[in-house]
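In our numbering, the protein residues as written are 6 to 70.
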């Protein structure tokens, strides 16, 4: 909706290393998806940062673990 509402984001730099992650705030500038019948779907999101990212030194679990 072209708003400038900040969203909170967290991500790990490597799928094999969940010993730390980064977090910060940003604005969603692009969002698209491909949703094919009987196939895996894909989604792409672009977030433009608003301020610095913070490194969080906290072990976390992988999604679905």
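Quick reminder that beta carbons are idealized off the backbone N, C-alpha and C, glycines included. It should be emphasised that the depicted structure is a prediction, and the values quoted were computed from it without experimental measurement.
Query - Cβ-Cβ separation, residue 48 to residue 14 (assumed contact under 8 angstroms), whole Å - result: The count along the chain shown starts at 1 and reaches residue 14 at position 9. The count along the chain shown starts at 1 and reaches residue 48 at position 43. About 15 angstroms separates the two Cβ atoms, so there is no contact after all.
query = Hey, out of 61, 44, 54 and 62, whose CA is closest to residue 35's CA?
reply = If you number the chain shown from 1, residue 35 lands on position 30. Checked all of 61, 44, 54 and 62; the closest Cα to residue 35 is 54.
Exercise. May I ask you to report which of helix, strand or coil DSSP gives residue 30?
Key: Here residue 30 corresponds to residue number 25 of the chain shown, with the count starting at 1. Residue state, collapsed to three classes: strand.
*Quickly, what does DSSP pair residue 35 with across the bridge? List them, please.*
Along the chain shown, one-based indexing puts residue 35 at 30. 51.
*Are the Cβ atoms of residue 25 and residue 62 separated by less than 8 angstroms?*
For this step, residue 25 is matched to residue 20 along the chain shown. For this step, residue 62 is matched to residue 57 along the chain shown. Yes, these two residues count as a Cβ contact at 8 angstroms.
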